[in-house]
Structure formats: C-alpha cells, structure tokens
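Here the sequence shown is numbered in UniProt numbering, starting from 1 and rising by one per residue.
Ideal Cβ placement from N, Cα and C applies to all residues, glycine included.
Quick notes on the structure that follows.
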Amino acid sequence: PLFALINNIFEIRIDALKVVKEFRRPVSRRAMGIGIWNSILNIMAKVTVLFNAFIIAITSEYIPRQVYYWTIGNYSLNGFLNHTLGPFHSNDFPRVINRTLLECQFIESRLMDLLKQSTFFLPFAQSYSVLYFDCNSTLANEIRSQIDFSTYYYKDYRL
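Right, dumping it as structure tokens:
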C-alpha cells in the first residue's frame, strides 16, 4: 500500500504536467494591424463625436440665447427668461388658492404648442432658426476640428 500511494502521488503530478503542456494556448501569429477593424473603429469614433456634439448643441441654452440676442431682443438679453417660459392659465385653480395669479409660467419648448396657437408661423420660425443655428454651429465646429486634426496629422508624418 505504501508503494501504491507513492506511485499515485507521482502519477498525479506527472499527469498534471502533461495536461499543462498539452492544453497550452497556441502561439499566436503576428499581424501587421487589425485590418478592416481599424477603419470601422475610426468611423465609429467620428460618428459618436458628431452625435455627442449634436446632443450638447441641441440641449444647451447657448444658441437660443444668441438667437434671442441677435433677432428678438434688440442686442439685449432683457426678457429672455419670459421668452423661454410658457404660459399656463391658472383659471382651473380654486379661488382659495388663486387670489392674485392669473398666469403661471413653466419651461417649455416652443414646438410643443404650435397647433394651439393662432399665429402659427412666428414660433415655428423662431424654433426653426434656433435648430438651424444649433446644427450649423455644430457642423462648423466639427469641420474645423477635423481640418485642425488633419493638418496636425499631415505635419506629424511630414517630419
């Protein structure tokens, strides 16, 4: 029994070494690059940067402030807050609560109530101009950054 125990201990160790050597990960072949995936990842990176820039441009208040400043506000931001807030008539409140307020205001998008208003074109034109300036400023920034990057890339390889 003693020799059988010693034999089993050695056999377990030898079998473990055989398993480790036989099931080893094969040596990988060297490649020059990642092939087509490099182009795909490059395109995906540019598209995601563009989409993120559009999201930031559309959700920020910078462009609506500039549109108000240059078109509606006569080179001033006085009244911008009242312009961005939408009216809510408080006639539905009970008289106990509603003593002095005739109208409440809340933050809204100008495109929400286009169908309710009788003057259809003016709010649509203002919202369209804000969206137009959002998209154009984003595209201009992205094109400028791509031109700056491409000239930097060209200078890097030229040297």
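Next item on the list: Taking only the alpha-carbon atoms, compute the straight-line gap between ILE34 and LYS46 and give it to the nearest angstrom.
Entry: Cα-Cα distance, rounded: 18 Å.
Check: By Cβ distance below 7 Å, which residues in the same chain neighbour ILE63 in space, the five residues on each side in sequence not counted?
Finding: Excluding residues up to 5 positions away in sequence, ALA57, VAL130, PHE133, ASP134 and SER137 lie with their Cβ nearer than 7 Å to the Cβ of ILE63 in the same chain.
Notebook entry, point to check: Should VAL67 be labelled buried (16 or more other beta-carbon atoms within 10 Å of its own) or exposed?
Noted result: It is buried - the Cβ of VAL67 has at least 16 other Cβ atoms within 10 Å.
Next item on the list: Using three-state DSSP, classify LEU77 as helix, strand or coil.
Entry: Assigned with DSSP and collapsed to three states, LEU77 falls in coil, not helix or strand.
Notebook entry, point to check: From which residue to which residue does the alpha helix (DSSP H) around SER39 run?
Noted result: Counting along the chain, the unbroken alpha helix (DSSP H) around SER39 starts and ends at 36 to 59.
Check: The alpha helix (DSSP H) spanning TYR62 covers which residue range?
Finding: Looking at the DSSP string, the run of the alpha helix (DSSP H) that includes TYR62 is 62 to 67.
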